[in-house]
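Chemist:
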Amino acid sequence: MDISTVFSIISIAIMFSISHCIGMCGGFVMAYNAKLSNKTKKEIVFLSISYHLSRVFAYVCLGVLFGFFGSIVILNLKTKGFVFFIVGIFLVVLSVALVKRGKLLACIENDKIGNLIMRFFKKISKRDDAPSFMILGFLNGLLPCGVVYYFLALSLSSGSIFNGFLVMFIFGLSTLPVMLIFSGAVGLVSAKFKRTMTIATSVIIAIYGVYLSYLGFMAIK
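See below:
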């Protein structure tokens, strides 16, 4: 994985953290923030880090899984082209869904899975020990999310377990600053600014989707 890819992952992750993640995952973080009110400073730091590292670990597990799947599917140039073409089309649709939102994004993000995870989240959130915070963070990482799907698509198209791991690891770490600092104060980020960031990153995703589809088409041709 070259440095330009790493930089693009970090940039898109940070931009979407501001525009999308603090709105979608902010509720999760605010829920655990409420449980930290009676904790000492050391406990707050430890539990917060535990929560977010578990979230990153969930991303990494997904990255390894999709990287492994990609390594199985991408056996030769034609199958690689087919995967690239399908993933590229998906990314273009995803970019539109992230901007338009509504039913299309709800369909992609699968409300049924999200509701199932939320039921587990509510049960475990009644506890306030370290293992429960780690489980909550892990569940947060499994929450259906269009942004996560983008990076999973990158993991899949990489055709490598290691690259799949690396993509999701970098993505997870890149979300930490925004999630740690701003998730407890979602309202401080204006809707206009978040909308601008969403459009900008969605355009990047769409361009990359078109590029992947083009590579895939040329490989299949």
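Here the UniProt record's numbering is used: the first residue of the sequence shown is 1, the next is one more, and so on.
Each residue gets a CB set at the ideal place from its N, CA and C atoms; glycine is no exception.
(1) Using 8 angstroms as the threshold, is the stretch 149 to 164 in touch with the stretch 55 to 63, meaning 3 or more CB pairs across them?
(2) Please state whether the Cβ-Cβ distance between ILE9 and ILE170 is less than 7 angstroms.
(3) Report back the beta-carbon spacing between SER50 and MET168 to the nearest angstrom; my notes put them in contact at under 8 angstroms.
(4) According to DSSP, is LEU75 helix, strand or coil?
(5) Using 7 angstroms as the threshold, is the C-beta distance between GLY88 and GLY216 below it?
(6) How about THR201 and ILE12: are their beta carbons less than 7 angstroms apart?
(7) What are the start and end residues of the alpha helix (DSSP H) that includes GLY137?
(8) Taking THR5 as part of the alpha helix (DSSP H), name the residues at either end of that continuous run.
(9) Of all the options ARG55, THR40, ILE14, which has the alpha carbon lying nearest to the alpha carbon of PRO144?
(10) Return the Cβ separation of VAL83 and GLY67 in integer angstroms, given the expectation that the two are a contact with Cβ distance under 8 angstroms.
(11) Report yes if the C-beta distance between SER48 and VAL178 is below 7 angstroms; otherwise report no.
Modeler: Working from what's here:
(1) yes
(2) yes
(3) Contact flag wrong, Cβ pair sits at about 19 angstroms.
(4) coil
(5) yes
(6) yes
(7) 130 to 142
(8) 3 to 16
(9) ARG55
(10) Actually they are not in contact, since the Cβ atoms of VAL83 and GLY67 sit about 12 angstroms apart, beyond 8 angstroms.
(11) no
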